[in-house]
Amino acid sequence: MKFHLHSAIRMAGSAALLLAGSSHAVAADAADTAIEAKIQARKPEIQKIVAEISAKRIEATINKLVSFHTRHTMSDTQSDTTGIGAARRWIKSELERCGAGNLDVQFDSHLHPVDRRIDKPTEIVNVVATLKGTSASDRYYVVSGHYDSRVTDIMNATGFAPGANDDASGTAAVMEMACVMARYKFDANIVFMTVAAEEQGLYGSGHFAQQAREKNLNIAGMFTNDIIGSSRSDTGLVDNKQVRLFAEGVPARKEMPDNIRTLVATGGENDSISRQLARHVKEQGERYVPDFKVTIINRADRYLRGGDHMPFLEQGYAALRFTEPAEDFNHQHQDVRTENGVKIGDLAEYVDFNYTAQVTRVNAAALASLALAPAAPSKVQVRTAKLENATSLVWEANKEADLAGYRIVWRDTTAADWQHAKYVGNVTEFTMDVSKDNVFFGVQAVDKDGNVSPATYPVPLR
Ligand SMILES: [Zn+2]
Numbered sequence: 096m097k098f099h100l101h102s103a104i105r106m107a108g109s110a111a112l113l114l115a116g117s118s119h120a121v122a123a124d125a126a127d128t129a130i131e132a133k134i135q136a137r138k139p140e141i142q143k144i145v146a147e148i149s150a151k152r153i154e155a156t157i158n159k160l161v162s163f164h165t166r167h168t169m170s171d172t173q174s175d176t177t178g179i180g181a182a183r184r185w186i187k188s189e190l191e192r193c194g195a196g197n198l199d200v201q202f203d204s205h206l207h208p209v210d211r212r213i214d215k216p217t218e219i220v221n222v223v224a225t226l227k228g229t230s231a232s233d234r235y236y237v238v239s240g241h242y243d244s245r246v247t248d249i250m251n252a253t254g255f256a257p258g259a260n261d262d263a264s265g266t267a268a269v270m271e272m273a274c275v276m277a278r279y280k281f282d283a284n285i286v287f288m289t290v291a292a293e294e295q296g297l298y299g300s301g302h303f304a305q306q307a308r309e310k311n312l313n314i315a316g317m318f319t320n321d322i323i324g325s326s327r328s329d330t331g332l333v334d335n336k337q338v339r340l341f342a343e344g345v346p347a348r349k350e351m352p353d354n355i356r357t358l359v360a361t362g363g364e365n366d367s368i369s370r371q372l373a374r375h376v377k378e379q380g381e382r383y384v385p386d387f388k389v390t391i392i393n394r395a396d397r398y399l400r401g402g403d404h405m406p407f408l409e410q411g412y413a414a415l416r417f418t419e420p421a422e423d424f425n426h427q428h429q430d431v432r433t434e435n436g437v438k439i440g441d442l443a444e445y446v447d448f449n450y451t452a453q454v455t456r457v458n459a460a461a462l463a464s465l466a467l468a469p470a471a472p473s474k475v476q477v478r479t480a481k482l483e484n485a486t487s488l489v490w491e492a493n494k495e496a497d498l499a500g501y502r503i504v505w506r507d508t509t510a511a512d513w514q515h516a517k518y519v520g521n522v523t524e525f526t527m528d529v530s531k532d533n534v535f536f537g538v539q540a541v542d543k544d545g546n547v548s549p550a551t552y553p554v555p556l557r
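Take the sequence shown: its position 312, counted from the start at 1, is 407 in my numbering, and no numbers get skipped.
So this is what it looks like as structure tokens:
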């Protein structure tokens, strides 16, 4: 598109579209308005994916997983009906059946030595289903749930450990997404992964994340789904209209790497790669799943708890955790029993399958929109060589063949979500008359269908 820098500079402040349902979107030029409408429109294929997610199938999957009696990491692997071996062979065969011709399904296995929560050398096996992208892109998105389960005693490998919510719910969500999305095409690669040994110390996902880093795998985003089964809190309150999305800001490391130091130095502690991913998931998830809220929690996980996103965070990847709004701890990590008339244990009767399906739809919409969109722009920088109130942003050109151009987004420094956006065309530099000192900027890439990437936070260019 033809691009007039001077008029664009004049317009940038006043004519940029206001996000979030503003009725007074100002017409910039016709091309900008047209692409902005495309960006904000629901994409038909993502709507179809969301509509195909089935609560009935999720229910059947959770009940099947419960039927293995225990999926404890050190449980029996020989039986075809009970124990973790039977469970993972069933998961693999289901994915092979429903994804035939499209999903590449593999066991990712390693032998774990004896340690605090492993009492004999144990084979820890992830089931990894990869949907190859259509472009030459080396970009991956990973979505996971853990299929292992536990009772009160973490070393008890034989007791009845249904793990219906923790985490057959997340496992069923991942399997449902894999089966539905395998029939669609995406630019980027998607890995649908069910992992073991979460309860013993995040060893399954840890092994995958470490291998990924060693191979320098370009994982642009990772979600784990862990305890997404119940909409009822321990007080009995039902809330089936939201899911919590945990997103780390500044990593808690003794040594601060240079990129994190730059983030902190520019006030960007709320603009980490995980927070940018979370904003994208919230926007896209809520676009396709009406009357359902993605509540971003600005921390890595709940107090005293962790999950399979943590090893990915440690390897420097953007990673998020989905969890139901208010947990009932009577139905987690405990021997199945009745105490003072109260039923305790992680049984399927306490799972709300429709709720799990809603969370699965949010995941699928976010994942599909990410895998259809271009990569987030790289090497985004803001010029700071001289003192001025205008903001000049520069970035490296994206490589996708279907790229349309770039969109600059910004928000007040106290705001959680992007408030303004301006499509600037296929350029690698743009000057705004909004001061970099007063707002936070991000740059997104947009393709010809209006699929938009997460934003990249600019670092200073001196
Ligand atoms: Zn769990």
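Just so it is clear, CB atoms sit at the ideal spot from N, CA and C, and this is done for glycine as well. Just so you know, these numbers come straight off a predicted model, no measurement behind them.
For the region 141 to 222, the continuous beta strand (DSSP E) assignments of 3+ residues that do not extend past its boundaries occur at 198 to 207, in sequence order. Residue burial is scored here from C-beta neighbours: A550 has at least 16 other C-beta atoms within 10 angstroms and is therefore classed as buried. Taking 9 Å as the cut-off, the beta carbon of M272 is found closer than this to the beta carbon of A459. Taken in chain order, the complete alpha helix (DSSP H) segments of 4 residues or longer contained in the region 386 to 438 are 405 to 409.
Between I285 and Y236, the C-beta spacing is below 9 Å. For the pair V454 and A182, the Cα-to-Cα distance works out to about 23 Å.
Selection K388, Q427 and C193 evaluated against R400 yields Q427 as nearest (Cα-Cα). With a cut-off of 8 Å on Cβ pairs, the region 481 to 494 is in contact with the region 523 to 535, counting three or more such pairs.
Burial state of L482 is exposed, judged by a 10 Å Cβ sphere holding fewer than 16 other Cβ atoms. Nearest to D512 by alpha-carbon distance, out of Q306, R137, A315 and K377, is K377.
Taking non-hydrogen atoms of ligand 1 into account, the C-beta of H164 is found less than 8 Å away from none of them. Only residues of its own chain outside the window of five on either side were considered, and among them T177, A181 and A182 have a CB closer than 6 Å to the CB of F163, listed in chain order. Looking at V534, V538, Q306 and S264, the one whose alpha-carbon comes closest to that of E409 is Q306. Cα atoms of D321 and A480: separation of roughly 46 Å, rounded to the nearest angstrom.
With 16 or more other Cβ atoms from the protein chains shown falling within 10 Å of its own Cβ, Q379 counts as buried. In the three-state reduction of the DSSP assignment, K517 falls in the strand class, which pools E and B.
Taking non-hydrogen atoms of ligand 1 into account, the C-beta of G265 is found less than 8 Å away from one of them. Secondary-structure assignment with DSSP links Q539 through a beta bridge to R502.
T289 carries a strand assignment under DSSP once its states are collapsed to helix, strand and coil. Under the DSSP assignment, N320 falls outside any alpha helix (DSSP H), being part of the beta strand (DSSP E) whose first and last residues are N313 to N320. In the DSSP assignment, V237 falls outside any alpha helix (DSSP H) and within the unbroken beta strand (DSSP E) covering R234 to H241. If you check the C-beta of E419 against ligand 1, you find no heavy atom less than 8 Å away. Cβ neighbours of L415 within its own chain (closer than 8 Å, five residues either side excluded): G316, M317, F318, T319, L340, F341, A342, S369, L372, A373, V376 and H404. When the five nearest sequence neighbours on each side are left out, the beta carbons in the same chain lying within less than 7 Å of the beta carbon of A443 are those of I157, N158, V161, P257 and A259, in order along the chain. Contact annotation: R382 and R557 have beta-carbon atoms that are not nearer than 9 Å.
The criterion of a C-beta distance shorter than 9 Å is satisfied by G194 and A224.
At least one heavy atom of ligand 1 is found less than 8 Å from the C-beta of I322.
In the three-state scheme derived from DSSP, where H, G and I count as helix and E and B as strand, M272 is classed as helix.
Taking each of Q337, L467 and G299 in turn and checking the Cα distance to E140, the smallest one comes out for L467. Within the model, the alpha-carbon separation for R348 versus R356 is close to 11 Å.
Checking the 8 Å criterion, the Cβ of H167 is out of range of every heavy atom belonging to ligand 1.
A heavy atom of ligand 1 is found nearer than 8 Å to the CB of E293.
Ranked by Cα distance from S326, the options R506, D544 and D423 are led by D423. Secondary structure at T451: helix, using DSSP grouped into helix, strand and coil.
About 10 Å separates the beta carbon of S170 from that of A291, a gap too long to meet the 8 Å contact definition. For R478, the enclosing beta strand (DSSP E) has its first and last residue at Q476 to R478.
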